[in-house]
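Participant:
Residue numbers (the UniProt record's numbering): 1 to 291.
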């Protein structure tokens, strides 16, 4: 069982947007079966929930499973996988197309690989809106320009007609966020949304995301390997190791984490006030695989 170091705030328990109980994701390759996610459970309210862990821990696999974005080789099982009134496990692909992008959105980590290089960025965002709303292209364009202003893109009229290679990394990420938010989703999954950005732009994007979560009452799942970042940005943190959640903790309580893996991640952080000649080596306990 995962370490539960602090409880979920009462207001988030009332009517959760998302309920996940014993989520398991496996990938089949011939006769080989790889268990990528092994019994993950959590609930999400109108809050910022971080999922952290090293590469290969299953963070992104959880996010994609919620939207059923995995290839046909994936096997997804759970006791409960529910978003609002939608049973995601039993939802047809037609139903998922209604939900995906409109009510649940996912921000990928690098706009260079998420945006179509041969279509101007404004038309790409407009297409996302037109996929879920029967409006004219002019109305969709107006909505895009308004959304560009919401995500603090300067000169939205000019940027609308640019191609992905003509925008900076920060602009590209803002465009991706605009694309995911233009449909008015209730929940957003952000998969390493700032890892490709420099520090100053990263802070601007995080501040913008924080404002949007507060203003729109969104539920945000923030997937990251940066435990120091989520400590200051998120409300709660799930720590994943080898496909399992080993600790659930309030972000403000991370310094009091109990699981040795979480402690190991924290001990690896650089500290300007406490210079070390070498980092301590984390001794991994095989029992963590089943804790």
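Backbone N, C-alpha and C define an ideal beta-carbon position, used for all residues, glycine too.
Since the structure is predicted, the reported quantities are computational estimates derived from the model, not experimental observations.
Considering only their Cβ atoms, is the gap separating residue 182 from residue 230 smaller than 8 angstroms?
Facilitator: Cβ atoms of residue 230 and residue 182: not closer than 8 angstroms.
Participant: Measuring alpha carbon to alpha carbon, tell me which residue in 105, 54 and 271 is nearest residue 186.
Facilitator: Comparing Cα-Cα distances from residue 186 to each of 105, 54 and 271, the minimum goes to 105.
Participant: Have a look at residue 19 and residue 81 and give me their C-alpha separation to the nearest angstrom.
Facilitator: Distance between the alpha carbons of residue 19 and residue 81 is about 6 angstroms.
Participant: Quick one: what's got a C-beta closer than 7 angstroms to residue 7's C-beta in the same chain, skipping five residues either side?
Facilitator: In this predicted model, residue 7 has a pLDDT of only 48, less than 50, meaning its place in the structure is not dependable enough to derive any value.
Participant: Can you tell me whether DSSP reads residue 224 as helix, strand or coil?
Facilitator: In this structure, residue 224 counts as strand in the three-state DSSP scheme.
Participant: According to DSSP, is residue 134 part of a helix, a strand, or is it coil?
Facilitator: Reduced to three states, the DSSP call for residue 134 is coil.
Participant: Below 8 angstroms on the Cβ atoms is my guess for residue 172 versus residue 115; work out the distance and round it to an integer in Å.
Facilitator: Rounded, the Cβ-Cβ distance is 7 angstroms, consistent with contact.
Participant: With burial defined as no fewer than 16 other Cβ atoms inside 10 Å of the residue's Cβ, what is the status of residue 11: buried or exposed?
Facilitator: Interpretation of residue 11 is limited by its pLDDT of 45, a score under 50 that renders its predicted location unreliable; the figure taken from the coordinates is listed afterwards. Exposed, because fewer than 16 other Cβ atoms sit within 10 Å of the Cβ of residue 11.
Participant: Tell me the rounded alpha-carbon separation between residue 130 and residue 95.
Facilitator: C-alpha separation (whole angstroms): 17 angstroms.
Participant: Could you give the first and the last residue of the continuous alpha helix (DSSP H) run that contains residue 216?
Facilitator: Residues 199-216.
Participant: Please classify residue 160 as buried or exposed, where buried requires at least 16 neighbouring CB atoms within 10 angstroms.
Facilitator: Residue 160 is buried by the Cβ-count criterion.
Participant: In its own chain, which residues sit with a C-beta less than 8 angstroms from the C-beta of residue 78, not counting the 5 before and 5 after it?
Facilitator: The answer, listed in chain order, is 20, 21, 22, 23, 24 and 89.
Participant: Run through DSSP, which three-state label would residue 104 get?
Facilitator: Three-state result, residue 104: strand.
Participant: Mind checking residue 15: buried by the 16 CB within 10 Å criterion, or exposed?
Facilitator: It is exposed - the Cβ of residue 15 has fewer than 16 other Cβ atoms within 10 Å.
Participant: Express the C-alpha separation of residue 189 and residue 103 in angstroms, rounding to a whole number.
Facilitator: So the alpha carbons of these two residues sit roughly 11 angstroms apart.
Participant: Exposed or buried, residue 31, counting other C-beta atoms within 10 Å across all chains shown (16 or more means buried)?
Facilitator: So residue 31 counts as exposed.
Participant: What residue from 68, 194, 33 and 57 has the CA that sits closest to residue 177's CA?
Facilitator: For the residues 68, 194, 33 and 57, the minimum Cα distance to residue 177 belongs to 194.
Participant: Do the segment 41-54 and the segment 233-241 meet, that is, are 3 or more Cβ pairs less than 8 angstroms apart?
Facilitator: The answer is yes - the segment 233-241 touches the segment 41-54, with three or more Cβ pairs under 8 angstroms.
Participant: How about residue 74 and residue 27: are their beta carbons less than 8 angstroms apart?
Facilitator: Yes, Cβ-Cβ distance for residue 74 and residue 27 is below 8 angstroms.
Participant: Which runs of the beta strand (DSSP E) spanning at least 3 residues fall entirely within the segment 49-91, listed in chain order?
Facilitator: Counting whole runs of 3 or more residues, the segment 49-91 contains the beta strand (DSSP E) stretches 74-77 and 80-83.
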